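To start, the structure itself, in structure tokens.
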Amino acid sequence: MLRIFKIVLFILTVLGLVSLTVLVKYENTDIWIKDITVNIYRPTEIGFLSSEIVLNQLGNIDSIQNLTLRETEIESIEELLMINPHIENVDSYVTLDGKLLINICEKVPIIRIYDANGKSIYVDKNGNFIPLSNRYTPRVIIASGYIGDMNINLSNNIHDSTYIDTPLNNVFQINNLIAKNELLKSQIGQVYVNSIGEYDLIPILGNHIIKLGKTVNVEEKMENLTSYYKKNLVTEDWDKYRTINLKYKDQIVCTKK
458 MLRIFKIVLF ILTVLGLVSL TVLVKYENTD IWIKDITVNI YRPTEIGFLS SEIVLNQLGN
518 IDSIQNLTLR ETEIESIEEL LMINPHIENV DSYVTLDGKL LINICEKVPI IRIYDANGKS
578 IYVDKNGNFI PLSNRYTPRV IIASGYIGDM NINLSNNIHD STYIDTPLNN VFQINNLIAK
638 NELLKSQIGQ VYVNSIGEYD LIPILGNHII KLGKTVNVEE KMENLTSYYK KNLVTEDWDK
698 YRTINLKYKD QIVCTKK
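Residue numbers for the sequence shown follow the numbering used here, so the first one is 458 and each next one is one higher.
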């Protein structure tokens, strides 16, 4: 008998909670929007976005603040903000006290690519294109050289078939290998595409050039470079070298000045 009573009590409790949730959800539709708060998440203090930029994109803020939750289309707000090419993700909701919270994840660039005409664009870790901004210039690896006119559509991705067999995609892949390697990330500042379609790495310190060659076996080449740096980074005088050549399998050829 006690067991049956507990089961009935549990069922009634669950039904009560469900009813309360539905009631709260229904009642919340009549809450007036009193305030809007924008939270921007990114790894740096300053970025492409600010609360002011986001609110300006929403247009007439007063009209939103004069609506109830029932009249506010959260999905429409999120869709409008997602048009911004600096935004990766948006999540919005209204609190019980009438505050519209807009949580935004900002895209984080990992490389800046220049084409042969001097135009440039950022790319994030997912291969999304990010336009330049007068507000913020991130410190990332540079890619330049013999890269044709990019004609970038911001809705495209660097993994799309349009770019898959181009220097644009290759420098992105090379940069990913550098970004995953803490030692190389601290040493390499630029990827350069030379006139014969091979890839050079320009270090932050030293005047030498690292000849990567084609992207065939590029992961193995990066591993060889890492091993070489670990053995010689402290003891070598890097200014005495003109090139460090990784193009040959299982060997590194250094040319002195």
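Heads up, the beta-carbon is just placed ideally off N, CA and C, and yes, glycines get one too.
Computed from a predicted structure; not experimentally measured.
Status (buried if at least 16 other CB within 10 Å, exposed otherwise) for residue i
| i | result |
| --- | --- |
| residue 669 | buried |
| residue 504 | buried |
| residue 564 | buried |
| residue 462 | Confidence at residue 462 is low in this model, with a pLDDT of 38, below 50, so the placement of that residue should be treated as unreliable; the coordinate-derived value is given next. Exposed, since its Cβ has fewer than 16 Cβ neighbours within 10 Å. |
| residue 536 | exposed |
| residue 473 | Annotation note: pLDDT 43 at residue 473 (below 50); position unreliable, no value reported. |
| residue 506 | buried |
| residue 550 | exposed |
| residue 572 | buried |
| residue 708 | exposed |
| residue 609 | buried |
| residue 596 | exposed |
| residue 498 | exposed |
Three-way DSSP call (helix, strand, coil) for residue i in this model
| i | result |
| --- | --- |
| residue 482 | The pLDDT assigned to residue 482 is 43, lower than 50, so where the model puts this residue is not dependable; a value taken from the coordinates is nonetheless given after this. Correct three-state label for residue 482: helix. |
| residue 678 | helix |
| residue 683 | helix |
| residue 711 | strand |
| residue 704 | coil |
| residue 643 | helix |
| residue 668 | strand |
| residue 673 | coil |
| residue 419 | Given a span of 458 to 714 for the chain in the structure shown, any question on residue 419 remains unanswerable. |
| residue 585 | strand |
| residue 573 | coil |
| residue 488 | coil |
| residue 653 | coil |
| residue 568 | strand |
| residue 602 | strand |
Residue interval of the alpha helix (DSSP H) (run including residue i)
| i | result |
| --- | --- |
| residue 595 | Per DSSP, residue 595 belongs to no alpha helix (DSSP H) and is neither H nor E. |
| residue 619 | From DSSP, residue 619 is part of no alpha helix (DSSP H); its letter is neither H nor E. |
| residue 531 | 531-538 |
| residue 509 | 508-515 |
Closest by C-alpha distance to residue i, when choosing among the options
| i | options | result |
| --- | --- | --- |
| residue 706 | 682, 541, 633 | 682 |
| residue 667 | 622, 687, 644 | 644 |
| residue 513 | 634, 493, 647 | 493 |
| residue 502 | 572, 650, 592 | 592 |
| residue 664 | 544, 686, 700 | 700 |
| residue 624 | 639, 603, 642 | 603 |
| residue 704 | 618, 601, 671, 659 | 671 |
| residue 491 | 556, 531, 662 | 556 |
| residue 661 | 676, 640, 678 | 640 |
| residue 676 | 627, 651, 659 | 627 |
| residue 697 | 714, 622, 654 | 714 |
Minimum Cβ-Cβ distance from residue i to chain C less than 8 Å
| i | result |
| --- | --- |
| residue 628 | The chain labelled as chain C is not found in the depicted structure, where only one protein chain is given. |
Anticipated Cβ contact below 8 Å, residue i with residue j, distance rounded
| i | j | result |
| --- | --- | --- |
| residue 581 | residue 598 | Actually they do not touch by this definition, with Cβ atoms about 13 Å apart. |
| residue 496 | residue 538 | No, residue 496 and residue 538 are not in contact; Cβ-Cβ is about 13 Å, not under 8 Å. |
| residue 531 | residue 544 | Contact doesn't hold; Cβ gap of about 16 Å is too wide. |
| residue 647 | residue 601 | 7 Å |
First through last residue of the beta strand (DSSP E) which encompasses residue i
| i | result |
| --- | --- |
| residue 577 | 577-581 |
| residue 548 | 544-551 |
| residue 657 | 656-660 |
| residue 492 | 492-498 |
| residue 563 | 556-563 |
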